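Undergrad: Quick note on my numbering: the sequence shown kicks off at 3 and runs consecutively.
The C-beta atom is built at its ideal place from N, Cα and C for all residues, glycine as well.
Here the structure is a predicted model, which means the values were calculated and not measured.
Please find one structure pasted underneath; my questions will follow.
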Amino acid sequence: GRGLKKKSLSKSGAMAAFVVGLVSFLASYRMGITLILFYQSSSSLTKVGNAIKKKLEADHKEGGQRGADQVLACSLLATVIAM
(Lines of atoms letter the chains of each structure in order from A and count residues from 1; the text may use other names and numbers.)
(Lines give C-alpha, C1' and ligand atoms only; values in the text may rest on other atoms or scores of the structure.)
Protein backbone atom coordinates (compact mmCIF):
# COMPACT_ATOMS: atom_id res chain seq x y z
CA GLY A 1 0.00 0.00 0.00
CA ARG A 2 0.80 3.53 0.75
CA GLY A 3 3.74 2.91 3.10
CA LEU A 4 5.44 0.74 0.49
CA LYS A 5 4.99 3.39 -2.21
CA LYS A 6 6.35 6.11 0.09
CA LYS A 7 9.24 3.78 1.01
CA SER A 8 8.49 4.10 4.71
CA LEU A 9 7.83 0.33 4.88
CA SER A 10 9.83 -2.57 3.54
CA LYS A 11 7.99 -5.42 1.81
CA SER A 12 7.88 -7.38 5.06
CA GLY A 13 6.67 -4.26 6.90
CA ALA A 14 3.91 -3.70 4.36
CA MET A 15 2.82 -7.33 4.65
CA ALA A 16 2.75 -7.11 8.45
CA ALA A 17 0.82 -3.82 8.31
CA PHE A 18 -1.72 -5.41 5.96
CA VAL A 19 -2.25 -8.34 8.33
CA VAL A 20 -2.54 -6.03 11.35
CA GLY A 21 -5.06 -3.87 9.48
CA LEU A 22 -7.06 -6.87 8.31
CA VAL A 23 -7.24 -8.36 11.80
CA SER A 24 -8.21 -4.97 13.25
CA PHE A 25 -11.03 -4.47 10.74
CA LEU A 26 -12.23 -8.05 11.16
CA ALA A 27 -12.38 -7.50 14.93
CA SER A 28 -14.48 -4.36 14.48
CA TYR A 29 -14.76 -1.32 12.28
CA ARG A 30 -13.99 0.82 15.33
CA MET A 31 -10.61 -0.89 15.79
CA GLY A 32 -9.85 -0.57 12.08
CA ILE A 33 -10.72 3.13 11.97
CA THR A 34 -8.70 3.72 15.14
CA LEU A 35 -5.70 2.06 13.50
CA ILE A 36 -6.02 4.25 10.40
CA LEU A 37 -6.32 7.42 12.50
CA PHE A 38 -3.27 6.39 14.54
CA TYR A 39 -1.26 5.76 11.36
CA GLN A 40 -2.26 9.10 9.84
CA SER A 41 -1.53 11.11 12.99
CA SER A 42 1.80 9.40 13.66
CA SER A 43 2.89 9.92 10.05
CA SER A 44 2.07 13.63 10.29
CA LEU A 45 3.90 13.99 13.60
CA THR A 46 6.93 12.20 12.17
CA LYS A 47 7.08 14.72 9.32
CA VAL A 48 6.90 17.62 11.78
CA GLY A 49 9.57 16.05 14.00
CA ASN A 50 11.88 15.43 11.04
CA ALA A 51 11.49 19.03 9.87
CA ILE A 52 12.41 20.31 13.34
CA LYS A 53 15.38 17.94 13.66
CA LYS A 54 16.60 18.93 10.20
CA LYS A 55 16.74 22.57 11.32
CA LEU A 56 18.53 21.75 14.58
CA GLU A 57 20.99 19.09 13.43
CA ALA A 58 23.28 19.62 10.45
CA ASP A 59 23.82 15.88 9.94
CA HIS A 60 20.21 14.73 10.47
CA LYS A 61 19.12 11.75 8.38
CA GLU A 62 15.52 10.63 8.08
CA GLY A 63 14.63 7.14 9.27
CA GLY A 64 14.74 4.21 6.91
CA GLN A 65 12.10 1.69 6.03
CA ARG A 66 10.29 -0.08 8.82
CA GLY A 67 10.24 -3.85 8.67
CA ALA A 68 7.79 -6.42 9.97
CA ASP A 69 9.58 -6.54 13.33
CA GLN A 70 9.04 -2.81 13.90
CA VAL A 71 5.43 -2.90 12.68
CA LEU A 72 4.62 -5.79 15.00
CA ALA A 73 6.53 -4.27 17.92
CA CYS A 74 4.30 -1.20 17.69
CA SER A 75 1.00 -2.94 16.97
CA LEU A 76 1.03 -6.53 18.19
CA LEU A 77 -0.47 -5.82 21.62
CA ALA A 78 -3.29 -3.72 20.15
CA THR A 79 -3.97 -6.40 17.54
CA VAL A 80 -4.16 -9.12 20.19
CA ILE A 81 -6.52 -7.00 22.27
CA ALA A 82 -8.68 -6.38 19.19
CA MET A 83 -9.13 -10.13 18.74
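1) Just to check my reading of the structure: valine 22 and methionine 85 have Cβ atoms closer than 8 Å, yes? What is that Cβ distance to the nearest angstrom?
2) Determine the contact status of glycine 5 and glutamine 72, defining contact as a CB-CB distance below 8 Å.
3) Alanine 75: which of Ala18, Lys13, Ser12 sits nearest, CA to CA?
4) Roughly how many angstroms separate the alpha carbons of phenylalanine 40 and leucine 11, rounded to a whole number?
5) Applying the criterion that 16 or more other CB atoms from any shown protein chain within 10 Å of the CB defines a buried residue, is serine 45 buried or exposed?
6) Considering only C-alpha positions, which residue in the set Ser77, Arg68, Thr81, Val82 is nearest to lysine 9?
7) Opposite arginine 68 in the DSSP bridges: which residues?
8) Exposed or buried, serine 30, counting other C-beta atoms within 10 Å across all chains shown (16 or more means buried)?
TA: According to the data block:
1) With a Cβ gap of about 11 Å, valine 22 and methionine 85 do not count as contacting.
2) no
3) Ala18
4) In a straight line, the C-alpha of phenylalanine 40 is about 16 Å away from that of leucine 11.
5) exposed
6) The candidate whose alpha carbon is nearest that of lysine 9 is Arg68.
7) Leu11
8) exposed
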